[in-house]
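Below is one structure, written out as structure tokens, with a few remarks after it.
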Ligand code: FNR
């Protein structure tokens, strides 16, 4: 109602409330490179489009004369009460959204995750910290204070790095590990490829690694065995090294120590070696299960059999997602896989949470995902657009708009609580 009253007195919201206008404003604000990275998807972008199109196929049925005067969005996830069934999803190389801006508006480096943390803290919504974050997780954790945070793991090819990330996440107060399974190889990201830009491997995306003792040891080993550290590196790596060195200049902290010539190059090369592991099978989940008592959720599930296998092998919950259409072009819309996966999970383990992302743009979308069986959703691109447009205020505004519309949609569908939303709210 605060948003409406502001409107009555002629005040415009910090960022547009319309999802399309929000994306459009962000597109105009960001450089082509920044926009390609955040908005782009795999191949011909068919999955990005399909994710949105799917929401149009599930229709909510409004209900009348239900007492919805007292409403609450609160929900309990993994034993913790949350103000709403919404989390900030993991987004790597976040700095690119604020640094790649038109008209020389780039923010000083180091402000992306702190802005996200400030907004999340105000709202009490959890942040899922990315393995590819632009800020070491310890700093983001400090900025979050007591606010909830989870850690998203890209399972490194190097056991020591993978284990070290998990230890650091535990020490940073993360309440769950979200293992992303769908990116053991990076998708065919045509927009990034055409611009000759590898956002993922740039300094803005490897802070978590550079600040990691196990990773630093690998870099030192590589430098020690490189015969001629001054030899020129292949072009993309050289570009990444430049970015790394520029980052090192802006962050003269211990994270960037030793990032002079050969170390910088070795860091990028080591990252490309250890980033992921394509040999993983379900049996490997036991390795992770033995190493942490935190709940483990697997992200990227789209088939009921994969959901069952994950739970059989020690996962505590699933995130139904196709990575926002960034991995497989022409993949099935994530929303279309939600109900079958949610049903499989419910039949297997009554309490295992089912989360959803990929295409959520509004409160009405959150409602649809809840109705199809999600316990909560992750917001992706929309909050990054808010960040690009207005920093922490923009992130806060985007999330507030989503929650406001969710609340109204519930009211108009006759639901006062999140657990009252279900398939009975949908047509057909
Ligand atoms: C992502 N996503 C992602 N996922 C993940 O597990 N680790 C990561 O580091 C990233 N990085 C990342 C960067 C950017 C720019 C985007 C847009 C997305 C995927 C993300 O968590 C989520 O699955 C999607 O964003 C959901 O799709 P929508 O709702 O953004 O379309």
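In the UniProt record's numbering, the protein residues as written are 17 to 444.
No residue lacks a Cβ here, since even glycine has one placed at the ideal position from N, Cα and C.
Treat the numbers as computed from the prediction; the structure is a model and nothing was measured.
Keeping to the same chain, check which residues put their C-beta closer than 6 angstroms to that of residue i; ignore five residues upstream and five downstream.
{"i": "residue 139", "result": "415"}
{"i": "residue 391", "result": "369, 370"}
{"i": "residue 130", "result": "159"}
{"i": "residue 407", "result": "131"}
{"i": "residue 112", "result": "50, 53, 215, 220"}
{"i": "residue 22", "result": "none"}
{"i": "residue 443", "result": "75, 77"}
{"i": "residue 440", "result": "none"}
{"i": "residue 134", "result": "408"}
{"i": "residue 20", "result": "none"}
Output yes or no for whether 8 angstroms exceeds the beta carbon distance between residue i and residue j.
{"i": "residue 150", "j": "residue 290", "result": "no"}
{"i": "residue 208", "j": "residue 53", "result": "yes"}
{"i": "residue 434", "j": "residue 197", "result": "no"}
{"i": "residue 194", "j": "residue 125", "result": "no"}
{"i": "residue 110", "j": "residue 142", "result": "no"}
{"i": "residue 381", "j": "residue 71", "result": "yes"}
{"i": "residue 43", "j": "residue 55", "result": "yes"}
{"i": "residue 411", "j": "residue 403", "result": "yes"}
{"i": "residue 35", "j": "residue 398", "result": "yes"}
{"i": "residue 336", "j": "residue 357", "result": "yes"}
{"i": "residue 293", "j": "residue 417", "result": "no"}
{"i": "residue 355", "j": "residue 389", "result": "yes"}
{"i": "residue 342", "j": "residue 57", "result": "yes"}
{"i": "residue 348", "j": "residue 318", "result": "yes"}
{"i": "residue 11", "j": "residue 188", "result": "In the structure as shown, the chain starts at 17 and stops at 444, and residue 11 therefore has no counterpart that could be examined."}
{"i": "residue 82", "j": "residue 333", "result": "no"}
Less than 7 angstroms between the CB of residue i and some heavy atom of ligand 1, yes or no?
{"i": "residue 168", "result": "yes"}
{"i": "residue 20", "result": "no"}
{"i": "residue 224", "result": "no"}
{"i": "residue 394", "result": "yes"}
{"i": "residue 67", "result": "yes"}
{"i": "residue 105", "result": "yes"}
{"i": "residue 53", "result": "yes"}
{"i": "residue 342", "result": "yes"}
{"i": "residue 44", "result": "no"}
{"i": "residue 352", "result": "no"}
{"i": "residue 117", "result": "no"}
{"i": "residue 200", "result": "no"}
{"i": "residue 384", "result": "no"}
{"i": "residue 397", "result": "yes"}
{"i": "residue 196", "result": "yes"}
{"i": "residue 34", "result": "no"}
{"i": "residue 337", "result": "yes"}
I'd like the list of long-range same chain contacts for residue i, defined as Cβ closer than 7 angstroms, with 5 residues on each side in sequence excluded.
{"i": "residue 270", "result": "Note that residue 270 scores a pLDDT of 46, beneath 50, so its modelled location is shaky; the value from the coordinates is reported in the next line. Result list for residue 270: empty, nothing under 7 angstroms."}
{"i": "residue 409", "result": "30"}
{"i": "residue 302", "result": "329, 330"}
{"i": "residue 144", "result": "103, 104, 105, 106, 166, 168, 194, 394"}
With distance defined between alpha-carbon atoms, name the residue in the options nearest to residue i.
{"i": "residue 367", "options": "313, 43, 341, 407", "result": "313"}
{"i": "residue 203", "options": "158, 329, 160, 63", "result": "63"}
{"i": "residue 285", "options": "107, 216, 297, 304", "result": "216"}
{"i": "residue 428", "options": "397, 237, 85, 222", "result": "85"}
{"i": "residue 351", "options": "321, 386, 379", "result": "386"}
{"i": "residue 299", "options": "282, 326, 292, 311", "result": "326"}
{"i": "residue 363", "options": "320, 348, 379", "result": "320"}
{"i": "residue 166", "options": "100, 147, 349", "result": "147"}
{"i": "residue 61", "options": "365, 340, 418, 389", "result": "340"}
{"i": "residue 304", "options": "133, 163, 137, 329", "result": "329"}
{"i": "residue 153", "options": "27, 432, 24, 226", "result": "226"}
{"i": "residue 116", "options": "224, 213, 17, 379", "result": "213"}
{"i": "residue 322", "options": "308, 359, 210, 164", "result": "359"}
{"i": "residue 296", "options": "308, 174, 41", "result": "174"}
Once the 5 residues before and after residue i are set aside, which same chain residues still bring their CB inside 8 angstroms of it?
{"i": "residue 118", "result": "44, 45, 46, 47"}
{"i": "residue 365", "result": "327"}
{"i": "residue 114", "result": "122, 123, 127, 128, 131, 403, 404, 407"}
Would you say residue i touches ligand 3, meaning its beta carbon is less than 7 angstroms from a heavy atom?
{"i": "residue 391", "result": "Ligand 3 is absent from the structure shown, which contains only ligand 1."}
Kindly say whether residue i, judged by its beta-carbon, lies nearer than 8 angstroms to any beta-carbon of chain B.
{"i": "residue 62", "result": "The structure shown contains no chain B; it holds only a single protein chain."}
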